[in-house]
Structure formats: structure tokens, C-alpha cells
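Per the working numbering, numbering of the sequence shown is gapless, rising by one per residue and ending at 383.
Reading through the C-alpha cells given below for one structure.
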Amino acid sequence: MEFEGQKYPLSPQQLLLRDSKLRNTDYVFGAVIFTGHDTKVIQNTTDPPSKRSKIEKKMDKIIYFLFGVLFLIAFVGSIIFGIVTKRDLHNGFMKRWYLRPDDSTIFFDPKRVVAASVYHFLTALMLYNFFIPISLYFSIELVKILQSIFINQDINMYYEELDKPALARTSNLNEELGQIDTILSDKTGTLTCNSMEFIKCSVAGVAYGRVVTEVEQAIGSISNSSPMIHEHVNRLEQITVDTREAHDRKEPIKGFNFIDERIMNGNWVNEP
């Protein structure tokens, strides 16, 4: 360490470990070492795996299988080609005289069967390369990009409360959407929206709050079997509409939808 033109050595004797306490010293000059990407935590971390969809993984297996079939076809064809080429030579003459090679070519030369088979294997790989759908990856990526554009413009995925539309940050996992059928959660708020609103309360056995709750709405769904319940729910809904119109004139408070003129605006002092 260099300070005011003078260099000071740094050794284990000048090292202060974490949670160490230094006493009987007026002041110290410290140098922080192994920070940022040099820390042990960062050095021990591994790169996150690349997220790939089920379609991509399955497509990779199909491509590997097609590559294996391609090599198998080329290999079997080269073996058969070598056997047939070797049998062409009979008593110093070629049976298929129309394939008689010259000195500049190896193909169909019975005297160089191994080299001819190797050349035939490479030729078969080039001739049968259409067996591998190379353009399939490009087509799938193009479809995923178009799907991401449609997702960003989907009005059914628009979140009105925060005024935010859907945002496809990556197009690799489009086909994974809608695959969830079971959600396991230990408590409310872990994977669900922990959104609670104050709409009703009970003080000294008296219920306050004019807003119709979900329980009362469920009771209203069976109103056909009970006319009295239906009339009660309708009356609560009408009171809710009337009081909400007056409440909407004021600035709303997030999470507070309590409406009851009996205890609001200082009227609670008149309650028994």
C-alpha cells in the first residue's frame, strides 16, 4: 500500500478479519481487499442454467435422432458401395464397364475400395443433409417473436390497477404459459396477492359498513330459494351504490373502502 509517497507492506499481521475488534489505537489506515467479483461468494457462484422450454428440449432430441439416422444411412451406404465396387473386378475386367474410372478419380475403383468407401460416406452426408431441418430453429424463433408481440398487445393481460400491460421479457418460454395446474403455498402472500381491504367492522356487537361483501354476494346467489334474503341483499346493494357515489367525490385511500355514514365524518360520537 502506498501512502504519501511511501510504500507499506501488507502481510497477515496487518490483516483484520471480519468481526475483529482493534483497541488501544488512536486511528488506523485501512485497505479493503477482495471486494466485488473477488469475494468468495461471487467466486463460488456458478452461472445460472439457460432456461429452455419443453418444445426446444424435445426438438433437440429429434435433431440428435435425425443426425444418428443420417450417419447410419451414410455408413451403411458406404459399406454396401465398397462391397459392390470390390465385386466389380472379375478376371481383371470390370463388370460395369460404363463406370470404369480413370487415374484421376477414386470412385468405383476396385483397387482402392477403402478410399472409395470413405469418399462415398462424405458424399452421402452432403447429399442427405436435407434430412436435418436446419431452418426449423429459425422458424420456431420467428414464431416465438411474433407470439411475444401478441402477448405485449393482449388487452386481456392488461393490469388496470398499475396501468401495466403484459411484458414478454423473453420469448424462449412462451409455450410454457398456461401449464400450471396446481399451486402449493404455505400462507397467503407467498404466491398470491396479499391484498386486504377494510370494508366492515363490528363495534360492541353492532355491524358497520355498507359495502356488500363476497359472503353476502354468495348468499344472494341462492336468493331464488329465499325471497327474504334476496330482498335484504338488494337493499344492501342499493345502499352501497348511494353511499359509494358520495364517497367517490372524495380522494380514495388505498385499501380503505369503508362506507358508513353512522360513524364516519365524526358521527361516531352520536352512536350509543
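Glycine residues also receive a C-beta, built at the ideal position from the N, C-alpha and C atoms.
Note that the structure is predicted; figures quoted are calculated from it, not measured.
Next on the checklist: For a quick check, are the C-beta atoms of A279 and N285 less than 9 angstroms apart?
Outcome noted: yes
Checklist entry - CB-CB under 8 angstroms to G147, same chain, minus the five flanking residues each way: which ones, in chain order? => result I153
Item to check | Residue interval of the beta strand (DSSP E) (run including Y230) | outcome: Element bounds for Y230: not the beta strand (DSSP E) but the alpha helix (DSSP H), V224 to L238.
Next on the checklist: When you compare the CB positions of A235 and I184, do they come within less than 9 angstroms of one another, or not?
Outcome noted: yes
Checklist entry - By how many angstroms is the C-alpha of V224 removed from the C-alpha of T196? => result 7 angstroms
Checklist entry - What distance in whole Å lies between the Cβ atoms of R163 and N283, which are believed to be in contact at a cut-off of 8 angstroms? => result 6 angstroms
Checklist entry - So does the stretch 246 to 257 actually touch the stretch 175 to 183, counting three or more Cβ pairs closer than 8 angstroms? => result no
Checklist entry - What's the call for D371, buried or exposed, on a 16-neighbour Cβ count within 10 Å? => result buried
Checklist entry - What residues match up with S313 in a beta bridge as DSSP calls it? => result A318
Checklist entry - Excluding five sequence neighbours on each side, which residues of the same chain lie with their C-beta closer than 8 angstroms to the C-beta of Y269? => result K275, P276 and A277
Checklist entry - Based on Cα-Cα distance, which residue from F145, V314, E287 and E308 lies nearest to V323? => result E308
Next on the checklist: As a quick exercise: from L126, F140 and S122, pick the residue whose alpha carbon is nearest that of F114.
Outcome noted: F140
Next on the checklist: Below 8 angstroms on the Cβ atoms is my contact criterion, and I expect M112 with L121 to pass it. Report the Cβ-Cβ distance as a whole number of Å.
Outcome noted: 6 angstroms
Checklist entry - Secondary structure at Q264, three-state DSSP: helix, strand or coil? => result coil
Checklist entry - Could you check where the alpha helix (DSSP H) with Q154 kicks off and where it finishes? => result K151 to N155
Item to check | Boundaries of the alpha helix (DSSP H) in which S189 is found, first to last residue | outcome: K165 to R198
Item to check | Among T157, I256, N368 and V314, nearest to N379 - alpha-carbon criterion | outcome: Note that residue 379 corresponds to Trp in the displayed sequence, not to Asn. With distances taken between Cα atoms, W379 lies closest to V314.
Checklist entry - Do F242 and L177 come within 9 angstroms of each other at the CB atom, strictly closer than that value? => result yes
Checklist entry - For K255, which of helix, strand or coil comes out of DSSP? => result helix
Next on the checklist: Just to confirm before moving on: does the CB-CB distance between G320 and F369 stay below 9 angstroms?
Outcome noted: yes
Checklist entry - Closest by CA to Q124, which one among L133, K168 and N263? => result L133
Checklist entry - Straight-line CA distance for F145 to T156? => result 15 angstroms
Next on the checklist: What does the Cβ neighbour count give for S189, buried or exposed, with the cut at 16 atoms within 10 Å?
Outcome noted: buried
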